[in-house]
Amino acid sequence: MRWPARTQPLGILGAAFNLRRQNCIRSSWLGMDLGCCRNEMDASIDNTAPSVGIKSLPGIAQLKPTSSPGLSIWAHTVGITPMDSKSTHSALPFPSHSIFWRRLDHEGFEGLQLGGLLNGWRLAGTALFLREGIPCQVSYEIACNAKWAFRKANIHGWMGNVPLSREVLVNDSRQWLLHGEPQPEVLDCIDLDMQFTASTNTIPFRRLNLEIGERAMLQTAWLRFPDFRLERRHQAYTRMAGDKYLYERLDGSGFKVELAVDACDVIQSYPGLCIAVPTPECSFGMQ
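Here is the structure:
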């Protein structure tokens with residue numbers, strides 16, 4: 004199946020940043036096909052829990068695992084093992100997918116990389132934008148388990164001259180902690196939705212694995228920006244097509260928006276928030 008082709012890159016700044024988006028990987032790893040097909044979910048990353056693999060596409064790139072001591076320490080704190088050069092599987096590829104967005108809400112850009120860990124998933128990104136004339140830089144790392152349930156997020160950066168640093172954690176009892184403080188309002192929520200980025204929409208997309216026409220209602224822990232407060236938000240997603248979801252906010256506001264995604268369920272177009280900058284290496288018209 005081919006996804007609809009995009010037209011011209013959105014301006015020269017995308018080329019200036021030279022951020023290249025990698026193809027998704029399809030490879031046999033631990034007896035699992037790490038493609039992007041939704042039907043290829045039977046095996047698991049840690050051989051115990053079922054996993055949703057990144058769907059496969061033509062035009063496959065083989066990547067080598069990288070070593071990051073900081074990531075190793077961070078991932079082990081949430082029970083997720085990163086693949087690095089010291090791993091017994093260090094010669095094997097791991098799934099990786101990256102994207103570059105132009106922001107529509109503020110002047111700015113954002114880059115995201117989605118990658119696999121030995122028993123989970125990692126999203127890492129950086130947003131650079133102006134908010135009410137104030138320059139902001141917000142970087143984040145998010146860990147999910149093999150079933151795409153949120154585990155932990157580290158957020159840091161600055162807003163003008165003010166440094167930013169936050170940690171969001173969920174324990175095994177589904178209790179949420181924000182910088183170590185319990186957050187009873189979002190108890191039992193599964194997904195984290197961060198206001199300043201479209202990256203966290205991928206988490207429920209992958210976890211729910213909706214069929215076309217299927218609708219799911221969920222309660223999400225919504226992290227506000229810039230005050231970084233967690234609030235419970237009632238939402239619904241309907242899969243309208245292979246590359247399109249309908250997002251609804253179930254708070255009486257009537258807000259709804261259609262979201263375009265790529266073959267890895269990463270946002271390509273979020274009206275009012277961001278739009279992907281196509282690159283020659285990984286565009287919608289992959290052959």
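When you number the sequence shown by my numbering, it's gap-free, plus one each residue, and the end is 290.
No residue lacks a Cβ here, since even glycine has one placed at the ideal position from N, Cα and C.
- Inter-residue distance for E214 and R125 is about 24 Å (C-alpha atoms, whole angstroms).
- By the C-beta criterion, the region 179-189 is judged not to be in contact with the region 126-138, since fewer than 3 inter-stretch pairs fall below 8 Å.
- The region 215-235 makes contact with the region 192-207, as at least three CB pairs between them are under 8 Å.
- Looking at G118, H100 and R106, the one whose alpha-carbon comes closest to that of V280 is R106.
- Going by DSSP, T200 is part of no beta strand (DSSP E) at all; its letter is neither H nor E.
- Burial is judged here by how many other beta carbons sit within 10 angstroms of a residue's own beta carbon; F112 has at least 16 and is buried.
- Comparing alpha-carbon positions, the option among I145, L167 and V141 lying closest to L120 turns out to be I145.
- Residue environment analysis places N164 among the exposed positions, since fewer than 16 neighbouring C-beta atoms fall within 10 angstroms of its C-beta.
- The closest CA to that of Y240, considering only K155, C267, R252 and S256, is found on R252.
- If you draw a straight line from the Cα of V260 to the Cα of H182, it is about 32 Å long.
- Non-local beta-carbon contacts of F208 in its own chain, meaning distances under 8 Å to residues more than five positions away in sequence, involve Y240, Y248, V264 and D268 in chain order.
- The beta carbons of A201 and L276 sit closer together than 7 Å.
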